[in-house]
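See structure below.
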Amino acid sequence: MMPPEEEEQRPAEGGEGVGGFALLRALKSGSARKGCDPFAQTQRSKLQHRRARINQQINKEMRMRAGAENLFRATSNHKVKETVALELSYVNSNLQLLKEELEELNSCMDVYQNESESISVPMIPLGLKETKELDLLIPLKDFISEHYGEEGVLFEKEIKEFMELRQAMRTPSRNEAGLELLMEYYNQLYFLDSRFFPPSKSLGVFFHWYDSLTGVPSHQRALAFEKGSVLFNIGALHTQIGARQDRASLPGLNQAIDAFQKAAGAFNYLKENFSNAPSLDMSTASLNMLVRLMVAQVQECIFEKVTLLHAQKDFLTWLQLAQEAARVQDVYSLVHQTMTQAHVKDYVPFSWTTMVHVKSEHFKALSHYFAAVALCDCPAASDVELLEHEKAFLQFHVTMPEGPSLCVLLQDPEERRKLGKAHLKKAIMKHEEAMRIHGLCKILRKMDILQEVLSFAHKRSLSKYSEIDHEEDFFETGDAPDIHPKTHQKPEIKSPNFSQVKVTDLFHRLGPLSVFSAKNKWYPVRRVHLMRGENGFGFTLRGDSPVLIAGVIPGGCAAEAGLKEGDYIISVNGKDCRWSKHAEVVQLLKSTGEEGVEIGVITLQGSEGPKAVEKKAAAMSSGSGLLKSNKENSRKSLMNSKSASTLLVWNKKSKRSKNSTYSIPFTAVGDNEAMY
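Counted from 1, the sequence shown has number 451 at position 446 by this note's numbering; the numbering is strictly sequential.
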C-alpha cells in the first residue's frame, strides 16, 4: 500500500488528464503541469472531494435562500409569506448543518500530519480554495479577432494549453512540484492580463471561487480575484507541506520552518496587495489572523529545534528552553486574541481557536516546568559560573521573585527548591487548564496525538513535583513570576519569489507586449511598396521587436509611399517581423532587388506625428514611461531580451534596462539609429 504522500504525487493519467500527447507537449515546453490525479483515493483527495461537494451544496442552498427572500419581500399574500418563511427556516437549517460539516472538514488536521512514530503536537494546515471550471475558448478567440485583427481559430492551441494549465492547478500535489504548478499559472496570469484585459472594457468572464473557511461562493470579473485566490492556495499548500514534515529530525524541522514562513509570506503579500476581497478568507482580518498563526507555528518549530539541538542540558540550556517555550506561548496567545475578535470568530473553526488556546496554555506550562528543572536538577553555580548564571537569571523573570538575593538564591539548594516548587505548581495548573480546554472540543478529543502529548507533559510535571515535595515542608508555596519570553531565532515572513518559476508567454505569437497588448489600440495594417532611391528608402529606424520608423525624410521614397514617424514594421516581403531585431530587419531591407520591397506597418492610435514621437522619446530618456495601475491588477515584471520571464510584484515600479523588449512603446528605442 503506497503512503498518502507518495500516492498524491502521482500525476493524472496522461499528465494533464488529456492523454499522453498533452504530457509530451508539457515536457517540451518546460511546464510542470502534473496536478494530482483527481480520482486518486488518498485521504487528502477524499477531503478535497468532500470540500467540493459541500461547496456546491452551500451554493445551491444560498441560491434557494436568495430566491425565497426575494419572494418574501415581493408578495403581499399572507399564506405565501408563511410558506416562504417556513422554507427559509428549512434552508437556513441546511446551511447551518453544511457550515458545521465544513468546519469539521477544516478541523481534520491529522490527515496532513507526518505519519512517523514520533510524537509531535499537530500543526494547523489550510484546505485549498475550490474553483469552478472556466471556458475561455470563445471569449479569447473573439477578443483576438476584434482587438488584434487575427483569426481567433489560429490560437486555439494556446488557449487550450492555458485552460489545461488552469485545470491542472486545481489539484496541485503536496510537494515542490505542486507549488511550481501554482506559481506557473500565477505567472501566466500576468500575460493574460496584459493581452486580454483592457482597462476600459470587461472580457465578460467571471472567475468563481469558494471560500476556504465558509464554503460561500464568490465571483468577480476582475482578474485580480483569480490572482488573489491562486496566491491564497500557494500559502495553503505551504501550510500542508509544513504540517507533513517529520519534526523529530533536524532536516524535517528546517523544512517545516521554511514552509510556514513562506505560507506567512504568501498571506501577508496577499493582505498588502489585494483589496476589496469578496470572500471572508481573503479579508484583511482573516489574512492577518493567518499570518500570525503561521508565525506562531514557525516559533513552535524553533522551540522544537532548540530542544533537539541541546541533547546535553545544563542550567543555562534549561533557562533558554523555558524562555523559548514562553515565547511560543506569547505568540499563540496573540493568535488566540485575533481569532476571538468579533469579525473573525464567526468563521474560524472552533477547533482551530481551541487548539491555539490549548497550545498557549501548554507552552506556558512547559516554560515553568523547564524553569523548575533548571533550579532543582542542576547543581548550584560554582564561583566561576556564578557571574554568568546571575546575568542570565536577571533577564529570566518578568519580575524578580521574592525572597533572598540573587546570589544566595543561585547557591542555596533549599532556596532553589522552593522557587522550583512554585514554578512546578504553576506548570501543573497550566497543564490542567490546557487539558480542560482540550476537553471542550469534540474534534480535538478525537485527536489521540494531542491527548497523548498533553497527558505526558502533565504526568511529567506531577512526577517532578512529587520528587521535590518534602513531608516536612511547612512553608506555603508562593506564586512563581512569569518567565520573560525570548527566542534565539526570530521567524521571517518570506514573500513569494515568483521569478523562481520561469514562464514563456503562451500568446507570444501576437507580438511583443510593448505594442501588442490589451491597453494599446492601433490602426489596421498598411502594406506599403517601396522602391530604393538614390539616397535609400528615406527613413530612419530605431529599436527592436518591433522596429520603429523614427524619422521620414520629406520628399523621399518612404514619405511618398505614405510611411510616417511612429509606424512599427511588422512584416517585410511577407515575413513576420514583429519579434525581429534591428539588424534582422535591416538585412531584409538591404537584400531587396530592383523590384522593391513590401513593408507591413501599423500605427498606434494617439501616437501619430513627429510631436508624439518626440514626446515619447523624451519620456523614454527620462525614464518616466512606466505603467501605472491599481493595486489589484498591477505587476512588475523582470523581462530580458532573451526570454519571457515572470511577473513579480503588483503595484511596484520596475527597473527596466534601456534595451528591454518588454516596456511601453519607444522604450526600446535609443540604441542604434541609422538612415536607410
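Heads up, the beta-carbon is just placed ideally off N, CA and C, and yes, glycines get one too.
Checking the DSSP bridge columns, you'll see residue 222 partnered with 215.
Contact between the segment 292 to 307 and the segment 125 to 135 is present, with at least three C-beta pairs closer than 8 Å.
Taking C-beta separations shorter than 8 Å and ignoring five residues to either side along the sequence, the partners of residue 345 in its chain run 358, following chain order. If the five residues before and after residue 269 are omitted, its C-beta is found closer than 6 Å to the C-beta atoms of 296, 299, 300, 498, all from its own chain and listed in chain order.
Rounded to the nearest whole angstrom, the CA to CA distance from residue 525 to residue 261 is 46 Å.
Minimum Cα-Cα distance from residue 94 among the listed residues 178, 191, 352, 77 corresponds to 77. Around residue 522, the same chain offers 199, 200 as residues with beta carbons nearer than 8 Å, after the five sequence neighbours per side are excluded.
Under the Cβ criterion (8 Å, minimum of three pairs), the segment 491 to 505 does not count as touching the segment 451 to 471. One thing to note: residue 527 has its Cβ no nearer than 8 Å to the Cβ of residue 550. If the five residues before and after residue 165 are omitted, its C-beta is found closer than 8 Å to the C-beta atoms of 142, all from its own chain and listed in chain order. For residue 312, same chain residues with a beta-carbon under 7 Å away, outside a window of 5 residues either side, are 326 in chain order. Residue 576 carries a strand assignment under DSSP once its states are collapsed to helix, strand and coil. Judged by beta-carbon spacing, residue 139 lies within the 8 Å limit of residue 212, meaning their Cβ atoms are closer than that value.
For residue 243, the enclosing alpha helix (DSSP H) stretches over residues 228 to 248. With a contact defined as Cβ atoms closer than 8 Å, residue 191 and residue 235 qualify at about 5 Å.
Fewer than three pairs of CB atoms, one per stretch, sit closer than 8 Å, so the segment 334 to 354 makes no contact with the segment 315 to 325. Counting along the chain, the unbroken alpha helix (DSSP H) around residue 366 starts and ends at 355 to 382. Annotated three-state conformation of residue 414 is helix, per DSSP. Relative to residue 248, the option among 287, 179, 485 whose CA is nearest is 179.
Take the alpha-carbon of residue 158 and the one of residue 144: they are about 12 Å apart. For residue 608, the enclosing beta strand (DSSP E) begins and ends at 602 to 608. Annotated three-state conformation of residue 581 is strand, per DSSP.
Rounded to the nearest angstrom, the gap between the Cα atoms of residue 136 and residue 443 is 34 Å. Across the structure, residue 255 and residue 375 are spaced so that their CA atoms are roughly 22 Å apart. Secondary structure note for residue 556: it is in no alpha helix (DSSP H), and the uninterrupted beta strand (DSSP E) holding it is 552 to 557. Around the CB of residue 238, 16 or more other CB atoms lie within 10 Å, so the residue is classed as buried. The three-state reading of DSSP puts residue 171 in helix, counting H, G and I together. Cβ contact annotation for residue 416 (same chain, cutoff 8 Å, sequence separation greater than five): 385, 386, 391, in chain order. CA-CA distance, residue 566 to residue 535, rounds to 7 Å. The beta carbon of residue 277 sits closer than 8 Å to no other beta carbon from its chain once the five residues preceding and following it are set aside.
Distance from the CA atom of residue 246 to the CA atom of residue 184, rounded to whole angstroms, is 10 Å. The C-beta distance from residue 217 to residue 286 rounds to 5 Å, short enough to fall under 8 Å. The three-state reading of DSSP puts residue 348 in coil, since its state is none of H, G, I, E or B.
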